[in-house]
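Chains as they are written, first to last, in the numbering used here: chain A, 14 to 375; chain B, 89 to 344.
In this text, a Cβ means the ideal position worked out from N, Cα and C, and glycines have one as well.
What follows is a short report on a single structure.
Structure follows, in structure tokens:
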């Protein structure tokens, strides 16, 4: 009994379609039961995230099952016939697709790990709802193994892909774990907020926010659970922090070489990481020449992010080789949880790179 | 047979370094896991060499420059295997392998050119053996501290350049490197202190030059640690001092 997959993702459907097709978390068990109520479908798992809506299942006649499933989705969600094109995968191609999804190869941020947890959660929900059996159990368990294998045996997670993640990666290469790191934001802009949140998500603490408009500083400090200081006073906090994010709209340098030079003499060798995301720049370039001070501006962070993305893209082929080798080793029969010999060699010979086949509008 | 073990150990470290270098440049990081098994293989051959030399001399095998270099190399590998993981510095082994390789190549060349042969003592002095073993183990820790210092400069340069290469992502954070360096200096100084205390109980009184040189090395490291504890030396001068101090300690070995 072949496995199949039907869905849309961020590459094939705009957000306007994806948001309408998204399954409400609480309604997933009900939908799973309804999908399994379709004659041809005996097992089902729904993977619904902000970037994809996919249904994996098992059916004797996958082509007919996929048609009925597409009709079900159009019928139950606010999408018009002809408005959406689902991709369809069967047998090894479906397994291959799930493996790529679990490995982060199909994600918007290549190699990201959040999807791995989302796949696990989707499977757990289906299992609790009683809509998985031998094939889905085996398929999803294998996908977890593949996801881990791809991440441990390739460099798909290496390198930063955004300004925020580049800042965090650099901070971790300076300080190690960010648990004890204190951050100061000078200029309460959107980019500062995003970068600070990236640092906070990795454990940084004691955020100090300073802004020309004190109200805005207080607002951002409250949001980030930090404290606000008046713009005239931020210099006095320099010796308290490890990371400074500056993004004021000042037309001249706000953080000057002599300020940092003076502070570093008092810091007794503790490193200082400065992130200048303002244009024109807030921090004098000469600051980077001071020992134990590391200054990065927006262009340099952007460059690191671009290189990181390119590096991850180069890894796609390596990851696909790992997945193909896994599929070759396990074989579709094993993934389907069926004894060798059933369904013959024809199914087993299906190549994992079988192209997605858009469904004709139901 | 002892020569063969030394050559095999040297080849193991060379192979380990080449494999690590290739792995760090390759698209797949999996081969990095082989560093430790290769270091263990190298250590086994080193140990076999030292055991045979020890049996030949009837004492701790540090009777000539070649043996001393192999003993220091052995100490570096032991320290790396014992502490590398605890300090979260698996790459410390990769960076120390070239140094171990060079030391052993010098040792092989020396032994092939002019192996002085057995030098059995008239009477065995356990305090002398303890003094020598502890001192050379301390040199292993100092050597590894020097390697951590080199790694710090490498990573600092990458961070300052704004163009981090592939190795940057595999390297440990600079804070961990400095922390590990300080711990290795402390461990080395403690071991050397034990060695020096043991020398007070030796039956044979060491040469004045030996005492002066050992004391100078011990004092240099002790001063470095004390100044760091009191004043907190900034990372760059601290790493530089650790590298220079080890170079000095190595030079003194030839005089000992």
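- For the set A/219, A/237 and A/250, the Cα lying nearest the Cα of residue 202 of chain A is the one of A/237.
- Under the Cβ distance rule, residue 257 of chain B counts among the residues neighbouring chain A, one pair being separated by less than 8 Å.
- At a Cβ-Cβ threshold of 8 Å, residue 18 of chain A and residue 107 of chain A count as neighbours.
- Residue range 179-202 is occupied by the alpha helix (DSSP H) that includes residue 181 of chain B.
- Within chain B, the C-beta atoms nearer than 8 Å to that of residue 187 of chain A come from 247, 261, 262 and 263, in chain order.
- The shortest CA-to-CA distance from residue 282 of chain A to any of B/332, B/327, B/336 and B/337 is the one to B/327.
- When the alpha-carbon of residue 340 of chain B is set against those of B/127, B/329, B/313 and B/224, the nearest one is in B/224.
- Neighbours of residue 301 of chain A in chain B, taken as residues whose beta carbon is under 9 Å from its own, are 248 and 250 in chain order.
- Check the Cα spacing between residue 177 of chain A and each of A/187, A/246, A/300 and A/206: the tightest is with A/206.
- The beta-carbon of residue 124 of chain B is placed no less than 8 Å from the nearest beta-carbon of chain A.
- Residue-level contact by beta carbon fails for residue 192 of chain A and chain B, as no gap is shorter than 8 Å.
- Counting along the chain, the unbroken alpha helix (DSSP H) around residue 130 of chain B starts and ends at 123-145.
- Excluding five sequence positions before and after residue 313 of chain B, the CB atoms of its chain that fall closer than 7 Å to its own CB belong to 273, 274 and 277, given in chain order.
- DSSP links residue 65 of chain A through a beta bridge to A/22.
- Residue 167 of chain B and residue 333 of chain B have their C-alpha atoms roughly 18 Å apart.
- Think of a sphere of 7 Å around the beta carbon of residue 69 of chain A: no beta carbon from chain B falls inside it, the nearest being about 29 Å out.
- A distance below 6 Å between beta-carbons, with the five flanking residues on each side excluded, links residue 62 of chain A to the following residues of its chain, in chain order: 131.
- DSSP lists A/196 and A/286 as the beta-bridge partner residues of residue 256 of chain A.
- Residue 218 of chain A: member of the beta strand (DSSP E) spanning 218-224, first to last residue.
- Counting along the chain, the unbroken beta strand (DSSP E) around residue 103 of chain A starts and ends at 100-103.
- Close CB contacts of residue 235 of chain B within its chain, under the 7 Å cut and outside five residues either way in sequence, are with 180, 183, 184 and 187 (chain order).
- Where residue 241 of chain A is concerned, the enclosing beta strand (DSSP E) starts and stops at 240-243.
- Residue state for residue 72 of chain A is assigned as strand, using DSSP reduced to three classes.
- Looking from the CA of residue 242 of chain A, the closest CA among A/195, A/304, A/224 and A/151 belongs to A/224.
- A Cβ of chain A is located within less than 8 Å of the beta carbon of residue 320 of chain B.
- The beta carbon of residue 305 of chain A is closer than 6 Å to those of 284 in its chain, skipping five residues each way along the sequence.
- For residue 117 of chain A, not one C-beta of chain B is nearer than 8 Å to its own C-beta.
- Under the three-pair Cβ rule at 8 Å, the stretch 220-235 of chain A does not count as touching the stretch 160-174 of chain A.
- Rounded to the nearest whole angstrom, the CA to CA distance from residue 129 of chain B to residue 162 of chain B is 12 Å.
- Only residues of its own chain outside the window of five on either side were considered, and among them 58 and 153 have a CB closer than 6 Å to the CB of residue 136 of chain A, listed in chain order.
- Counted as a single uninterrupted DSSP element, the stretch harbouring residue 92 of chain A is not any alpha helix (DSSP H), since DSSP gives it neither H nor E.
- Under DSSP, residue 257 of chain B takes part in no beta bridge, so it has no partner.
- Rounded to the nearest whole angstrom, the CA to CA distance from residue 287 of chain B to residue 165 of chain B is 25 Å.
- The way I'd put it, the stretch 282-299 of chain B does touch the stretch 214-232 of chain B; three or more beta-carbon pairs between them come closer than 8 Å.
- Ranking B/284, B/319 and B/240 by CA distance to the CA of residue 303 of chain B puts B/284 first.
- The beta carbon of residue 175 of chain A sits closer than 7 Å to the beta carbons of 318 from its chain, once the five residues preceding and following it are set aside; these are given in chain order.
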